[in-house]
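Shown next, in structure tokens, is the structure this report addresses.
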Amino acid sequence: MSVLGSNVKWTSGEAVRPYLGLRVGDAVPVEGSSVAIFDRGESAWYALLCRPQQERHAESWLSARGVYAFHPVTSRRTRVRGRLREYERRYLPGYVFARFDGIPIPHRVLTSPFLTGALCRSDGQWGVLGPKRLAALHEMRARGLRQEDERQEQKRRAAAARRVRAGERALFRAGPFEGLPCEVVEIDAAGGVKVRFDLFGRENSVTTTGEALVGLAVGSST
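Just so you know, we're using this note's numbering here: the sequence shown kicks off at 221 and counts up by one.
Here it is in structure tokens:
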């Protein structure tokens, strides 16, 4: 696919016909949200190009004209200097994927101050995205969400593991060994905590998480 931008010189008679009768000094109406940006036809998805950091504005502009649009992102929260902040990561910066309930009218779509073009076929027509490409987009986002969940889980496990230390006594507070005392043997980089404990007169060992343990005060007889 090629890229068709807003600097294209339109040669279609339909595109220029409304302006042929204009004279110097005539008032030209500004196209607003009431002006249709697509004709009747089958619904289809298109990949539109937008200006840097303007994806959300482009989506709102399209939505006001009856077009559903999105750009794939994942959100994550982090605490900076005690304040919780949310960040978004864009998978394909500069792209907005739009579903038109008909055939888009390019010169009207590109009146948007946020959009600059679209992915096109070799003949210059806007290319329709097939279901496989859309499925790939959704899988990309789902994979990113899974990776983010895994990172957050590792952080939680690491934070929980820091509550206990190797060589210290702890107590199982959840799981099948709830209430049993144990000794922390080692803590691995992923937040796993290896402990040993006595059960049925035998010494046993298991790797658990810091969330399943609570540290015991030094000298505790529990």
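Just so it is clear, CB atoms sit at the ideal spot from N, CA and C, and this is done for glycine as well.
Every value quoted in this text rests on a predicted model; they were computed, and no experiment measured them.
Among the options, nearest to residue i - alpha-carbon criterion
i: R389; options: V405, A379, A338 and R377; result: V405
i: I323; options: L304, V348 and R301; result: V348
i: R400; options: R416, A386, A264 and G387; result: First, the amino acid is wrong: residue 400 is Leu here, not Arg. Cα-wise, what sits closest to L400 is R416.
i: P351; options: G395, F317 and K414; result: F317
i: P272; options: L282, D369, E431 and R310; result: R310
i: P313; options: A437, F397 and P292; result: P292
i: S198; options: E431, C402 and A284; result: Residue 198 cannot be examined here, being either before or after the span of the chain that is shown, 221 to 442.
i: S283; options: D321, R301 and R383; result: D321
i: S280; options: R301, E398 and V329; result: V329
Assigned secondary structure, residue i (DSSP; H/G/I helix, E/B strand, else coil)
i: A378; result: helix
i: D259; result: strand
i: P333; result: coil
i: P401; result: strand
i: E388; result: coil
i: R341; result: coil
i: A409; result: coil
i: R383; result: coil
i: L354; result: helix
i: R363; result: helix
i: R303; result: strand
i: A289; result: strand
Residue range of the beta strand (DSSP E) that includes residue i
i: E275; result: No beta strand (DSSP E) holds E275; the alpha helix (DSSP H) holding it covers E275 to S283.
i: L419; result: G412 to L419
i: A394; result: No beta strand (DSSP E) contains A394, which DSSP labels as neither H nor E.
i: W265; result: A264 to C270
i: A318; result: Y315 to F320
i: V426; result: R422 to T429
i: G435; result: L433 to G435
Endpoints, alpha helix (DSSP H) assigned at residue i
i: V329; result: P326 to V329
Residue burial classification, residue i (beta-carbon count within 10 angstroms, cutoff 16)
i: F334; result: buried
i: F420; result: exposed
i: R377; result: buried
i: T427; result: exposed
i: S263; result: exposed
i: S342; result: exposed
Beta carbon proximity, residue i to chain C, threshold 8 Å
i: L391; result: The chain labelled as chain C is not found in the depicted structure, where only one protein chain is given.
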